[in-house]
Amino acid sequence: MAKAPVSLESLLDRFGPHPAYTPPGGWQDESRSPAERLVKTHCCFCGQQCGIQLKVRGNQVIGFEPWEEFPFNHGMLCPKGVKRYMQGGHPDRLLDPLLRTPKGFRAATWDESLDFTVARLKEVQLKYGKDSVAIYGGASLISEKSYLLGKFARVALGTRHIDYNGRLCMVSAGTAYKLAFGVDRSPLPWADILKAQVVLVAGANVADCAPITTDYLWRCRDAGGKLIIVDPRMTPICRNADMYLPVRPGTDMALYMSLLNVILRDGLERRDFIAAHTTGFEQVAESVRAWDPRTAAEKTGVPPESIERAAHLFAKAERAIVLHARGVEHQSKGVENCLALINLCLATGNIGREGAGCAMITGQGNGQGGREHGQKCDQLPGQRSISDPKARAHTAKVWGISPEEIPPAGYSAVEIMEAIHCGEIKALLSCCFNPLVSLPDAKFTQEALEKLEFFGVVDFFMSETAHHADVVLAGSLQEEEEGIGCTNEGRVIHIQKAVDPPGNAKGDSWIYCELAKRLGKGKYFPYATTKDIYEELREASRGGHADYFGITYEKIDKNMGIFWPCPSLDHPGTPRLFEDGRSFHPDGKHHFLVTEWRESGDPVSVEFPVYLTTGRVVSQYLSGTQTRRIGALVDQYPNPRLEIHPRLAEQYQIKDGDWVTVTSRRNDMTLQAMVVKTIRPDTVFIPYHWAGERSANRLTHRTLDPRSKIPEFKVSACRLRKADGPPDGARASNRTGNLSEPRKGQA
Amino acid sequence: MHGYEFYVDPSRCIGCQSCVEACAECETHRGKSMINFDFIDRQRTTATAAYVCWHCEEPTCAMVCPADAIKKGDDGIVQSSLKPRCIGCSNCVLACPFGIPKIFPEYEQMMKCDMCYDRTSVGKKPMCATVCPSQALSYVRPEEIGKRREKPTNVFHFGNQKIVTRVHMMIPAETDAVSLDVLDYMWEESYAVFSQPQ
Numbered sequence: 027m028a029k030a031p032v033s034l035e036s037l038l039d040r041f042g043p044h045p046a047y048t049p050p051g052g053w054q055d056e057s058r059s060p061a062e063r064l065v066k067t068h069c070c071f072c073g074q075q076c077g078i079q080l081k082v083r084g085n086q087v088i089g090f091e092p093w094e095e096f097p098f099n100h101g102m103l104c105p106k107g108v109k110r111y112m113q114g115g116h117p118d119r120l121l122d123p124l125l126r127t128p129k130g131f132r133a134a135t136w137d138e139s140l141d142f143t144v145a146r147l148k149e150v151q152l153k154y155g156k157d158s159v160a161i162y163g164g165a166s167l168i169s170e171k172s173y174l175l176g177k178f179a180r181v182a183l184g185t186r187h188i189d190y191n192g193r194l195c196m197v198s199a200g201t202a203y204k205l206a207f208g209v210d211r212s213p214l215p216w217a218d219i220l221k222a223q224v225v226l227v228a229g230a231n232v233a234d235c236a237p238i239t240t241d242y243l244w245r246c247r248d249a250g251g252k253l254i255i256v257d258p259r260m261t262p263i264c265r266n267a268d269m270y271l272p273v274r275p276g277t278d279m280a281l282y283m284s285l286l287n288v289i290l291r292d293g294l295e296r297r298d299f300i301a302a303h304t305t306g307f308e309q310v311a312e313s314v315r316a317w318d319p320r321t322a323a324e325k326t327g328v329p330p331e332s333i334e335r336a337a338h339l340f341a342k343a344e345r346a347i348v349l350h351a352r353g354v355e356h357q358s359k360g361v362e363n364c365l366a367l368i369n370l371c372l373a374t375g376n377i378g379r380e381g382a383g384c385a386m387i388t389g390q391g392n393g394q395g396g397r398e399h400g401q402k403c404d405q406l407p408g409q410r411s412i413s414d415p416k417a418r419a420h421t422a423k424v425w426g427i428s429p430e431e432i433p434p435a436g437y438s439a440v441e442i443m444e445a446i447h448c449g450e451i452k453a454l455l456s457c458c459f460n461p462l463v464s465l466p467d468a469k470f471t472q473e474a475l476e477k478l479e480f481f482g483v484v485d486f487f488m489s490e491t492a493h494h495a496d497v498v499l500a501g502s503l504q505e506e507e508e509g510i511g512c513t514n515e516g517r518v519i520h521i522q523k524a525v526d527p528p529g530n531a532k533g534d535s536w537i538y539c540e541l542a543k544r545l546g547k548g549k550y551f552p553y554a555t556t557k558d559i560y561e562e563l564r565e566a567s568r569g570g571h572a573d574y575f576g577i578t579y580e581k582i583d584k585n586m587g588i589f590w591p592c593p594s595l596d597h598p599g600t601p602r603l604f605e606d607g608r609s610f611h612p613d614g615k616h617h618f619l620v621t622e623w624r625e626s627g628d629p630v631s632v633e634f635p636v637y638l639t640t641g642r643v644v645s646q647y648l649s650g651t652q653t654r655r656i657g658a659l660v661d662q663y664p665n666p667r668l669e670i671h672p673r674l675a676e677q678y679q680i681k682d683g684d685w686v687t688v689t690s691r692r693n694d695m696t697l698q699a700m701v702v703k704t705i706r707p708d709t710v711f712i713p714y715h716w717a718g719e720r721s722a723n724r725l726t727h728r729t730l731d732p733r734s735k736i737p738e739f740k741v742s743a744c745r746l747r748k749a750d751g752p753p754d755g756a757r758a759s760n761r762t763g764n765l766s767e768p769r770k771g772q773a
Numbered sequence: 082m083h084g085y086e087f088y089v090d091p092s093r094c095i096g097c098q099s100c101v102e103a104c105a106e107c108e109t110h111r112g113k114s115m116i117n118f119d120f121i122d123r124q125r126t127t128a129t130a131a132y133v134c135w136h137c138e139e140p141t142c143a144m145v146c147p148a149d150a151i152k153k154g155d156d157g158i159v160q161s162s163l164k165p166r167c168i169g170c171s172n173c174v175l176a177c178p179f180g181i182p183k184i185f186p187e188y189e190q191m192m193k194c195d196m197c198y199d200r201t202s203v204g205k206k207p208m209c210a211t212v213c214p215s216q217a218l219s220y221v222r223p224e225e226i227g228k229r230r231e232k233p234t235n236v237f238h239f240g241n242q243k244i245v246t247r248v249h250m251m252i253p254a255e256t257d258a259v260s261l262d263v264l265d266y267m268w269e270e271s272y273a274v275f276s277q278p279q
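These protein sequence lines map, in sequence, to chains C and G. Sequential numbering of the first sequence, starting at 27, is according to my numbering. Sequential numbering of the second sequence, starting at 82, is according to my numbering.
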């Protein structure tokens, strides 16, 4: 039923991705006409959400202008930000809702497609029960839409299964921070980085994934700060690091436990802070005793002397900061890796002060805001737990339903795909999510999609996943609806509407409200604008940890963002958490938590002897649905390459540019080698932004962290074989159903 | 912008090419980037370098131009070739010690970085230095640059040629000038009269 209706070639011909090189109106013609207005808003392409001004003419975004007054990035932008304006008028843009026919997709009216969607959802729920339908959301959506999706799933459909692609991003860090501090937010504003004497960057490829943060690191260094970088790859920021620790994939926890081992061994911990503000220290101290530097060195590949020196550098600093990201979090022990880092900060008293603490670098467009208000399977708005009776009562009151009507926690993103595969979930409605590219084990995802009895997609471009849809509802870009986001700093920002959706495309919020109406639940979704949704979100978040009640659009504009929690209209917001020495736990203490070593879910072996790790490049964003359509960004890094050290390459007689087949326990892929000395010789790296034959997630595995349910993208086992050339029939093959045809400018 | 200077620091560069993409957005040469960008040696290092025109006090490109098509303004900015005069001979391309000028056959002239005259003349920073996420390209006041670990120089030695530039290169604090000729670093050559960079 949900197989692609026609050949891949015809889908790609019609829907792309076609890389666009010229802005609407051409480089030399209409696009040079002056802008009619500049709209101060934010970039859509990572969790930093840099300030940017969009140049608008008529109903078209025709360019950009830096927004130098915005205090986070002062006009700085990465190449994705510079080129983000190329999406609105893109030839691949979906301008009508599409219904699947045996001959492909045909344009339909909104009435026809919405009625069809609702009829199919009802049919499936009638036959198999409420929970046979699942909702997927996205962390690049504005918070109003994230809130709306959570309410739509629970109130309009009554299903417990809603989750989002932030499950592939921030959940390990979020879970760890909730366990240790009782709240899921980076506790410090980025300006604190400038005040730190030592910054430990743990598994964060800042240069490629959070480019603006580079400037914060460099300015910290200008002021005398020391940088310690931990990564299996020598990423660009390592060139200026004071210490580089080349950790073996999946062994980060051993390294951080060993740093704490040295700190405690040498009496560098802050006993007064530990006694006054924390619990659980003794158990953690006991748990790291086994991890002396020599033992840890054998596990991690980091020299014992480096562990000793890094521990001393970190602990002796008056102010130290840990910045961490997916390197430590995308593991089956992602939560514990974060906890091990938090333990380091707690032991050295680095929390709740200027220039001290730990921070997670959120990856997705609205990574922080997108997870706070209800599209996570276990959360209600305001970062409330769905299993907490008080939280349910509060939310039910705001929603105008009884608490019993709110379903219990549902499955997480990967678990939903597994439930589809085993037949438990029969229908899926997905917005802003391209699981065929972004979930691990792509073959499994493909099989699951083909089993769906109904699959609806809301999106602005035809993603590879949407090829399998029964209906594609043409939705909106970030700049086509007004709303808010929350940055990696915890700063709530205002996303301005710059233009209307083009053609017959509609705002995503309108689409979900219409569906709710047609499901007979219209009275719960009476919103005329996204601002109406926001006003309800404020109420719904009130009293929760992520309290937005005191934040209005106007207040954000006036202050260039407001940091939550902000419980009342006269409250200035909270840039730095825990300054009063108290965490958000009822006991007010920061909790040390024991971390226990265990191996990866896909261990290296004689048969699969090489570590595979995956990640991003600076010119592409997530599953590439947007950025693989922007020619200038495509040209920067047109195809995935296999980063491999010359010593490992030599073993297989692989030279730079050679084709190599990488095989894991799931599948294989063939790609060109990039022989570089900037990666450990026991590890290879593949960026994951591409589909089909070029998808790194053909190789990855579905082992999840038991608490955060994040997949272990950063550690897989593989073997290598030099290939004769490009994969056989790469362009014609329909083997995976989502291969992108190389076009102009691609290698 | 009065009181602002341009500084280039490849040690800060992360290779993101935001400068390249942003330069191509310029109203005066839309679709063409004037940034020189290089991966130095990707097999051995992640080091990258992005450069603008250095705007020499005595521009070699102008000195070798047989058509007198390349002019330096009173502001010290060396302009693209004057289209009516430019004969497209590429002398400037070959002679520039920094490798900056490019010939664009479709425009029938040499074009290069003019430090965003359209922006700096109205009180804005050049585009590349505004967007650069690592501030490897910076347009700031000298007192601001004084807070950095590295220090600026604008004196370069290419063999016999000493070049003083408008744009500054950030170099290690203990160095005064940058020589790009190995002779200048050799003990045997240190008695030679023509080369005393250190």
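Yeah, the Cβ is synthetic: ideal placement off N, Cα and C, and Gly gets one too.
Does any residue of chain C have a CB that is nearer than 8 angstroms to the CB of residue i?
i	result
G/A103	yes
G/V248	no
G/V212	yes
G/K160	Looking at the sequence provided, one finds Gln at residue 160 of chain G rather than Lys. By this cut-off, G/Q160 is not an interface position.
G/S276	Caution is warranted here: a pLDDT of 47 is assigned to G/S276, below 50, making its placement in the model unreliable, and no coordinate value can be reported.
G/R222	no
G/K232	no
For residue i, return the contacting residues in chain C, with the cut-off set at a CB-CB distance below 8 angstroms.
i	result
G/C97	C104, P105, A233, D234, P237, V644, S645
Please name the residue, chosen from the options, that lies closest to residue i on a Cα-to-Cα basis.
i	options	result
C/I705	C/Q679, C/N693, C/I656, C/L638	C/L638
C/K581	C/P598, C/G569, C/V424	C/P598
G/E86	G/A210, G/E139, G/C142, G/I168	G/A210
G/Y88	G/P165, G/R229, G/S219, G/G240	G/S219
C/R180	C/A228, C/P433, C/V483, C/D39	C/P433
C/Y282	C/A366, C/G251, C/E362, C/D118	C/A366
Got a sec: is the Cβ-Cβ distance from residue i to anything in chain G below 8 angstroms?
i	result
C/D684	no
C/V87	no
C/V225	no
C/E479	no
C/R265	yes
C/P612	no
C/R247	yes
Between which residues of its own chain and residue i is the CB-CB distance below 8 angstroms, once the five residues before and five after are set aside?
i	result
C/A346	A222, Q223, V224, V225, L226, F340, C371, T374, N376, A382
C/V144	L541, R544, L545
C/W716	V463, G650, R654, N665, P666, A722, S766
Residue i versus chain C: which residues are under 9 angstroms apart at the beta carbon?
i	result
G/V203	In chain order: nothing, as chain C lies at least about 12 angstroms away.
G/E86	The premise fails here: G/E86 is roughly 17 angstroms from chain C at the closest Cβ pair, so nothing lies under 9 angstroms.
G/T126	M260, R265, V702, K703, T704
In angstroms, rounded to a whole number, what distance separates the CA positions of residue i and residue j?
i	j	result
C/Q662	G/F120	12 angstroms
C/E62	C/R274	53 angstroms
C/S721	C/D628	18 angstroms
C/A495	C/E669	35 angstroms
C/G163	G/N172	58 angstroms
C/T201	C/N266	32 angstroms
C/P213	C/F207	9 angstroms
G/Y188	G/H136	22 angstroms
C/V150	C/S158	7 angstroms
Determine the chain G residues that contact residue i at a beta-carbon separation under 7 angstroms, and present them in chain order.
i	result
C/Q54	R111
For residue i, return the contacting residues in chain G, with the cut-off set at a CB-CB distance below 8 angstroms.
i	result
C/R58	E108, R111
C/W244	R93, S215, Q216
Residue i versus chain C: which residues are under 7 angstroms apart at the beta carbon?
i	result
G/R123	V702
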